[in-house]
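Student: Please see the structure below; I have some questions.
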Amino acid sequence: MLVGIVGKPSCGKSTFLNALTMVNAKVGDYPFTTVDPNRGTAYVQSTCVCKELEVQDNPKNSICTDGIRYLPIQILDVAGLVPGASEGRGLGNKFLDDLRQADVLIHVVDASGSLDAEGNKINKGSWDPLKDVSFLEEEIDAWIKSIIMRDYEVMRKKAAAEKLRFSILLHEKLTGLAIKKHHIDASIREVGIVDNDVNTWDENLDTLITTIRRKSKPIVVVANKIDQPTSADNFSRMQNELDAKVFPVSALAEVFLRTEHEDKTISYKQGEAEFTMIDEEKLGDSKKQLLTKIQSDLLEKYGSTGVHDVLTNVVFDLLNMIVVYPVEDVSKFSDKSGNVLPDAYLVPKGTTAIELAGKVHSDFAENFIHGSLAPSGRRVGTDYELRNNEVIKIVSAVK
Ligand SMILES: Nc1nc2c(ncn2[C@@H]2O[C@H](COP(=O)(O)OP(=O)(O)OP(=O)(O)O)[C@@H](O)[C@H]2O)c(=O)[nH]1
Ligand SMILES: [Mg+2]
């Protein structure tokens, strides 16, 4: 799974990536600080099944601390997007091409309304952040359309001559954008296009593209810079007027708290509503004042800096993921080498035993015999739908 961070220049994308991952991507108060994308690994939290099973685990592909599993998620922070990017403005299609593989987008918006469409500083509060949301959606749609239009006539002719289904040609065209066949099929049904009637496509193409984009690259909105005085009102308007889920966030405050935690001046755990001061002398007066302000204006008001709530929501609500634990030994919950609950997999809700087998090893799906659930040992077949925190052995003919 790849999460893309998008938004106009200087809205705080790289700061948000740093807040999630602490990778130290370059941050600057001028547009296009980021040109080449920055990648990082963030960790989403889930209650580990080790607690329920009362075992001590030895995680391999994830981390477990105090009964909480931390599962790695790949995050990509790209260059800023300006209106007209799909026609080459700003860094143009480079930005968009970097996003090809993203399965979901986090749209970082400057909620304080202090940057114009191009990310230049303007008077505080003088820009309406709601406009950023529609701009971005329109740009992504225009980009997908430009890819389709390159071969639209050829596709049309081919479909008419060979009586082919449009969805198959469209999938071939869009597969490089991590757009799956089921996204296209569901969108065609929703828009009411007749798959093998070319004439019904033309008039519905724009609606179809928007529908495909919503399904294949869903967006959550981050109302960033919520620490600024002009942000609160904009945030409530965004919450009321947008279809997307909106989160109040201060990426800068999260980076500050985590840096101080690493410096051992405070004790702070990601996502929490409080911190404790450890070394007041080392902190000094100005940092102490800033911390008091963060406590009263941000943590007490919004419950946290918001950064981690966004990731949790993306993974478990928007993408509807569950966590499952494949093992080799159902009585010990271990792999071949005896590691207990070594791997935790994030899979979409509704994933079947055979689909999980394919994710663990492609040969396992082809040679699937059955699944065995732990601790009961109950046998399940190919179509068995996995539940959250299921521990399962895949039994296959492959040794
Ligand atoms: N007050 C405040 N400032 C922030 C916050 N997040 C980022 N900033 C500031 O916004 C400016 C731009 O931050 P970046 O993270 O470089 O923004 P970007 O979106 O990556 O910018 P480009 O790479 O140029 O597209 C910097 O001066 C940051 O310190 C925040 O939550 N609150
Ligand atoms: Mg950046």
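Just so you know, we're using the working numbering here: the sequence shown kicks off at 2 and counts up by one. We put the beta carbon where it would ideally sit given N, CA and C, even for glycine. The structure displayed is predicted, hence computed values, not measured ones.
1. Using the Cα positions of Lys-14 and Val-134, report the straight-line distance between them to the nearest angstrom.
2. I'd like to confirm the pairing. Which residues does DSSP put opposite Pro-84 in its beta bridges?
3. For ligand 2, is there a heavy atom less than 6 Å away from the beta-carbon of Lys-14?
4. Since Leu-347 and Val-324 are thought to touch, with beta carbons under 8 Å apart, how far apart are those beta carbons, to the nearest angstrom?
5. Restricting to Cα atoms, I'd like to know which of Asn-321, Leu-21, Ser-47, Gln-57 is closest to Ser-41.
6. Can you find a CB in chain C that lies within less than 7 Å of the CB of Thr-266?
7. Tell me whether Gly-81 is buried or exposed, calling it buried when 16 or more other Cβ atoms sit within 10 Å of its Cβ.
8. For Glu-273, name the three-state secondary structure that DSSP assigns.
9. Going by DSSP, which residues form a beta bridge with Ala-224?
10. Assign Arg-259 to one of two classes, buried (16 or more other C-beta atoms within 10 Å of its C-beta) or exposed (fewer than that).
11. Assess, as a yes-or-no matter, whether the segment 73-80 is touched by the segment 40-58 under the definition of 3 or more beta carbon pairs within less than 8 Å.
12. Thinking C-alpha only, which one of Asp-152, Arg-151, Leu-170 is nearest Ala-160?
13. Are the segment 384-393 and the segment 362-374 touching, with three or more C-beta to C-beta distances below 8 Å?
14. Would you identify the three-state DSSP class for Val-45, choosing helix, strand or coil?
15. Let me check you understand the geometry: is the CB of Thr-34 closer than 6 Å to at least one non-hydrogen atom of ligand 2?
16. Starting from the Cα of Ile-189, find the closest Cα among Leu-178, Asn-321, Ala-112, Asp-203 and give me that residue.
17. Please classify Ala-354 as buried or exposed, where buried requires at least 16 other C-beta atoms within 10 Å of its C-beta.
18. Please state if the CB of Ser-47 and the CB of Leu-116 are separated by a distance shorter than 7 Å.
19. Could you check whether the Cβ of Asp-104 sits closer than 6 Å to any heavy atom belonging to ligand 1?
20. Write down the C-beta distance between Thr-16 and Leu-300 rounded to the nearest angstrom, noting that I regard them as a contact closer than 8 Å.
21. Any idea if Gln-271 is buried or exposed, counting beta-carbon neighbours within 10 angstroms, 16 or more meaning buried?
22. Taking Phe-276 as the reference, give the member of Lys-283, Ser-268, Val-247 with the closest Cα.
23. In angstroms, rounded to a whole number, what distance separates the CA positions of Trp-128 and Gly-114?
24. How far does the alpha helix (DSSP H) with Val-311 in it reach, from first residue to last?
25. Which first and last residues belong to the beta strand (DSSP E) in which Ser-397 is found?
Tutor: Walking through what the data contain:
1. 15 Å
2. DSSP lists no partner for Pro-84.
3. yes
4. 6 Å
5. Strictly speaking, residue 41 in this sequence is Gly, with Ser absent from that position. The residue with the shortest Cα to Cα distance from Gly-41 is Leu-21.
6. As a matter of chain content, chain C is missing from the structure shown, which is built from one protein chain.
7. buried
8. coil
9. Val-110, Pro-249
10. buried
11. yes
12. Leu-170
13. yes
14. strand
15. yes
16. Asp-203
17. buried
18. no
19. no
20. That pair is no contact at about 18 Å.
21. buried
22. Ser-268
23. 4 Å
24. 308-313
25. 391-397
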